[in-house]
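Participant:
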Amino acid sequence: MPNTDAGAAFWTRHPIDIRFSLPFFGGRFYITILSGPERRSAERRQHERHRYPLRTAANIFFMAGTAAAFYAVALIVLAFASSIIEW
2 MPNTDAGAAF WTRHPIDIRF SLPFFGGRFY ITILSGPERR SAERRQHERH
52 RYPLRTAANI FFMAGTAAAF YAVALIVLAF ASSIIEW
């Protein structure tokens, strides 16, 4: 049963809460970015570190792809800014 207490709902929200979905080869994928002060106990963080490891093949490919896209955009911006490519 969902908690309907407005005060409790306020404290469970994150200051940064970005959620969106993207079309990807005939399907859709969602991305969620949450940020805020750490409220989990050390025991819970330890448990979740083992249950949801950061170094997985999918995470590594995602981070590498994101970095490659970022650097590609940065290279294009630098090319325009340094007049290598003229408008």
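Quick note: the sequence shown uses my numbering, first residue 2, plus one each step. All residues carry an ideal CB built from backbone N, CA and C; glycine is no exception. Since the model is a prediction, treat every value here as computed from it, not as a measurement.
If I measure Cβ to Cβ from PRO16 and keep anything under 7 Å in the same chain, skipping five residues before and after, which residues do I get?
Facilitator: Cβ within range, chain order: SER36, GLY37.
Participant: What are the partner residues of TYR31, as DSSP defines its beta bridges?
Facilitator: Paired residue(s): SER22.
Participant: For the segment 31–78, list the alpha helix (DSSP H) runs that are entirely contained and at least 4 residues long, ordered along the chain.
Facilitator: Entirely contained in the segment 31–78, the alpha helix (DSSP H) runs reaching 4 residues are, in chain order, 43–52.
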